[in-house]
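Here is the structure we will look at, set down as structure tokens.
Protein chains: 2
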Amino acid sequence: MPPICVHDSEGELLRGEFPDGEIVKGIRRLAQELEISIGTVSRALNGKPDVNEKTRQRVLEAAAAMGYVANQAGRSLRQGSTNAIGFMMESGSDTAGNSDNFFLGVFDGVQAVFSRHHLDLVVLPCSTEEDPTQYLQRMVARGMVDGLIISATHRRDERIELLSSARLPFIALGRSGTSGPHPWIDLDFEGVANRAVDRLVAKGHRRIAVGVPSNDINLGFIFLDGYKAALERHGIPFDPALVIRAKSTDQGGYQIAHELLALPDRPTAVVLIYELMAVGLYRRFNEAGLRPGRDIAVIGFRESPQSRFLSPTLTCFRMSLRDLGIALGESLLASMPAYAEVYPQGLVRRIWPLELVAGESDDFTVDV
Amino acid sequence: MPPICVHDSEGELLRGEFPDGEIVKGIRRLAQELEISIGTVSRALNGKPDVNEKTRQRVLEAAAAMGYVANQAGRSLRQGSTNAIGFMMESGSDTAGNSDNFFLGVFDGVQAVFSRHHLDLVVLPCSTEEDPTQYLQRMVARGMVDGLIISATHRRDERIELLSSARLPFIALGRSGTSGPHPWIDLDFEGVANRAVDRLVAKGHRRIAVGVPSNDINLGFIFLDGYKAALERHGIPFDPALVIRAKSTDQGGYQIAHELLALPDRPTAVVLIYELMAVGLYRRFNEAGLRPGRDIAVIGFRESPQSRFLSPTLTCFRMSLRDLGIALGESLLASMPAYAEVYPQGLVRRIWPLELVAGESDDFTVDV
DNA sequence: CGCAATTCCGTAAACGTTTACGAGACTAGG
DNA sequence: CCTAGTCTCGTAAACGTTTACGGAATTGCG
């Protein structure tokens, strides 16, 4: 353990020894310096009412002077709560590169909320070696965090069952099939799918392909449902051959384009669920001499640094990652008893809207 | 504090009550279940030698059965060390968007190392509101972490002085002017600047501009020094007017291009220190009807998802973010006494090499 | 002045671990 | 049989906080 006081160059006065030579650290040292009891010091620092305002000032000044901050371990042990929130993020190779800016953007917002309440953020990496649920179980049992943010929810997500039965406050970024009474925020996949299909149908398209993730992450199902519903609304029969499953990377997009080109009756439009797919898709189409917006219509999902500089520009949907992070943080706190009065929003379940950004990639019109 | 045992649905047997009805948690509960003392349980779990192998097995099985994991706060308090490493990352608006994939990539490698040693990762956000050094001081005083990774080192970096005097193991991603005897790893900015200039000079360029960050982050100075040295090596006089300072974003790149276009004697080549600058630079040049590689030579810095899909393709330098993260993690551990024998590398100070990726953006040749 | 109410502060017990110490039960060697 | 040594394990003291409790000092009121 590092020495509590870093600036210990002031000599004998602040050395903090008892008359018998014993070296004292932490709050005991501070109390000794001030010649009051540690109980009073603690109460003074924690803003408890039963302490004289004058002594409180003395304590605060002394604490500031010697850079005293309460040791977190002692604090956590006594109060039974760490001042930390866990953020579980997957870093699998499936989504690597794609999730990059997404997570860091959300992170930023989450941090903004937490730092306001002096909460620390612990990153829980979802390594590929261990089962995520077991890892989570360990963290919960260790008492590492007071709350959790999980993301990339799956259709049936054991993590949700675990956390629910452990009664640990948490919020999920993404809906799940096993949706109990827990807060979540999810992107408006149905809305995006619907608007994308609407837009394409309005341009005369009838054969609209869709690129979805190949794993069982829940957003794929939701997106696909929205896609099907939109088709049905327009009286277009659903063709399973037009659903292409691939990794959510640019390679995945490349593969999607590849499979689309191989179809006997090639679709005239394609909707992607990951913007990164668009990059690889463009590349493959380019190799085939096809240009998005001229020979085929393409609509991506989220606007991102990668997608923003594609040529021709990609029609996609925009959102503020930071705002999403802020909402996540605040909604989690709202579900924690200790912050219930600061964020009296109750149980938050929110669909996060996205705004259409029209690009050139879906300019392609089909004669009806 | 969440209940230690999550699966408490097995009824009376595992309820963990003392004869007088008191509810027991943690290691005490486990000891009670096994009818041995908590000291033995602790020793068994921690692999201490003086425990019978048979009882150790019993303990391990029981612990696994009831999902017991030692509470971290109690553990930290007793041993004086948390099992956590802090990663300080800046999230200022200056570098937002740019640092995104960089940090997450490095993160990935760091995590890979830490998870191997069951170390947790705490993210220390460098918010714009508080002084980073003070924030760090608080974290150190709280005893939050056993070690630290700091990044984006400045020319004179108070954080380094603080951590050195606090004797907390740390590693810096980036050199600093105030380089004490601490480990660091930094990218090979001199090498990149030299190779970039060499390459351009070989194509006949004599007026080579350079885009550097406008803040006092140290890498800007190092890069510039390399640039100057390379010029001198080729007998080209240094022209301060060709040094353009801007934000390390695409807007910054846009501004750089703008300023270059306004110069009376326009340079024929430009070297950038942030790949994201290239994006904005391309845009401004495009507006002016200039095409990189045809009308002006451009060399970016790091290959990134954004830069990879620029057209014409950007000549830049490639590196593995994950490997850098791994090196950072291992080198930090090497500087911690507890891991000295696992990573016997001593004090690491490493220049991280980058590999040239030739693109089209510097195809432009000047007649000599 | 007497008594109750209030204000302030010290005492000590937790919180869940790890670990130094010592004690008991063996074994071995004489 | 005695003693020294070796295995085990239990006991209890830390680690640095917070907080319930009670006591002393002060104030307010009749």
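Protein chains in written order, with numbering that gives the first Met the number 0: chain A, 0 to 367; chain B, 0 to 367. Virtual Cβ for every residue (Gly too), placed ideally from N, Cα, C.
Put residue i into one of helix, strand or coil per three-state DSSP.
| i | result |
| --- | --- |
| residue 271(A) | strand |
| residue 88(B) | strand |
| residue 380(A) | What the structure shows of chain A is the stretch from 0 to 367, and residue 380(A) is not part of that stretch, so it cannot be assessed. |
| residue 286(B) | helix |
| residue 148(A) | strand |
| residue 105(B) | helix |
| residue 203(A) | coil |
| residue 357(A) | coil |
| residue 118(B) | coil |
| residue 218(B) | helix |
| residue 50(B) | coil |
| residue 233(B) | coil |
| residue 262(A) | coil |
| residue 277(A) | helix |
| residue 339(A) | coil |
| residue 309(A) | coil |
| residue 13(A) | Annotation note: pLDDT 42 at residue 13(A) (below 50); position unreliable, coordinate value reported separately. Reduced to three states, the DSSP call for residue 13(A) is helix. |
| residue 257(A) | helix |
| residue 184(A) | strand |
| residue 93(A) | Any reading at residue 93(A) is ruled out, since the residue's pLDDT is 42, under 50, leaving its predicted position unreliable. |
| residue 69(B) | coil |
Excluding the 5 residues preceding and the 5 following residue i in the sequence, name in chain order all residues of the same chain whose CB lies nearer than 8 Å to its CB.
| i | result |
| --- | --- |
| residue 344(A) | 329, 330 and 333 |
| residue 107(A) | 320, 321 and 324 |
| residue 175(A) | 152, 153, 154, 155, 156, 159, 183 and 217 |
| residue 253(B) | 279, 280, 282 and 283 |
| residue 121(B) | 83, 84, 85, 86, 143 and 144 |
| residue 290(B) | 284 and 311 |
| residue 222(B) | 188, 189, 191, 192, 209, 211 and 272 |
| residue 317(A) | 301, 302, 353, 354, 355 and 356 |
| residue 101(B) | 301, 303 and 320 |
Under 7 Å Cβ to Cβ from residue i, same chain only, skipping five residues before and after it: list those, please.
| i | result |
| --- | --- |
| residue 359(A) | 292, 311 and 312 |
| residue 136(A) | 161 |
| residue 213(A) | 244, 245 and 246 |
| residue 62(A) | 29 and 44 |
| residue 337(A) | none |
| residue 364(B) | 202 and 203 |
| residue 229(B) | 192, 193, 196 and 197 |
| residue 138(B) | 85, 123 and 144 |
| residue 93(B) | In this predicted model, residue 93(B) has a pLDDT of only 42, less than 50, meaning its place in the structure is not dependable enough to derive any value. |
Measure from the alpha carbon of residue i to the alpha carbon of each residue in the options, then state which is nearest.
| i | options | result |
| --- | --- | --- |
| residue 144(B) | 75(B), 240(B), 212(B) and 36(B) | 75(B) |
| residue 288(A) | 269(A), 256(A), 335(A) and 68(A) | 256(A) |
| residue 111(A) | 124(B), 113(B) and 107(B) | 124(B) |
| residue 271(B) | 261(B), 264(B), 260(B) and 248(B) | 248(B) |
| residue 169(A) | 273(A), 278(A) and 86(A) | 86(A) |
| residue 172(A) | 227(A), 188(A) and 165(A) | 188(A) |
| residue 142(A) | 114(B), 81(B), 138(B) and 197(B) | 81(B) |
| residue 211(B) | 276(B), 62(B) and 315(B) | 276(B) |
| residue 78(B) | 117(A), 246(A) and 73(A) | 73(A) |
| residue 356(A) | 336(A), 362(A) and 315(A) | 315(A) |
| residue 113(B) | 346(B), 361(B), 363(B) and 326(B) | 326(B) |
| residue 262(B) | 240(B), 273(B) and 250(B) | 240(B) |
| residue 150(B) | 103(B), 191(B) and 116(B) | 103(B) |
| residue 148(B) | 181(B), 140(B), 177(B) and 126(B) | 181(B) |
| residue 219(B) | 166(B), 23(B), 250(B) and 186(B) | 186(B) |
| residue 134(B) | 347(B), 88(B) and 100(B) | 88(B) |
| residue 251(A) | 238(A), 274(A), 264(A) and 237(A) | 274(A) |
Can you list, in chain order, the residues of its chain whose CB lies under 6 Å from that of residue i, leaving out five sequence neighbours each side?
| i | result |
| --- | --- |
| residue 268(A) | 199, 204, 207 and 296 |
| residue 349(B) | 184 |
| residue 195(B) | 270 and 298 |
Report yes or no: do three or more beta-carbon pairs, one from the stretch 31 to 42 of chain B and one from the stretch 58 to 65 of chain B, lie closer than 8 Å? yes
Between the stretch 135 to 160 of chain B and chain A, which residues of the former have CB atoms less than 8 Å from a CB of the latter, in chain order? 136, 137, 139, 140, 141, 142 and 143
Are the stretch 62 to 72 of chain B and the stretch 125 to 143 of chain B in contact at 8 Å, needing three or more beta carbon pairs? no
Taking Cβ-Cβ distances below 9 Å as the criterion, which residues of the stretch 54 to 77 of chain A are in contact with chain B? 66, 67, 68, 69, 70, 71, 72, 73, 74, 75, 76 and 77
Contacting positions in the stretch 106 to 129 of chain A - beta carbon closer than 7 Å to chain B: 107, 110, 114, 119, 120, 121, 122, 124 and 126
Identify each residue in the stretch 307 to 323 of chain A for which the Cβ-Cβ distance to at least one residue of chain B is less than 8 Å, and report them in chain order. 308, 309 and 310
Can you give me, in chain order, the residues of the stretch 170 to 193 of chain B that have a beta carbon less than 9 Å from any beta carbon in chain A? none
Anything in the stretch 259 to 276 of chain B with a Cβ closer than 7 Å to a Cβ of chain A? List those residues in chain order, please. none
Pairing CB atoms from the stretch 351 to 366 of chain A with CB atoms from the stretch 226 to 239 of chain A, are three or more of them under 8 Å? no
Return the residues of the stretch 323 to 346 of chain A that lie within a Cβ-Cβ distance of less than 7 Å from chain B, sorted by chain order. none
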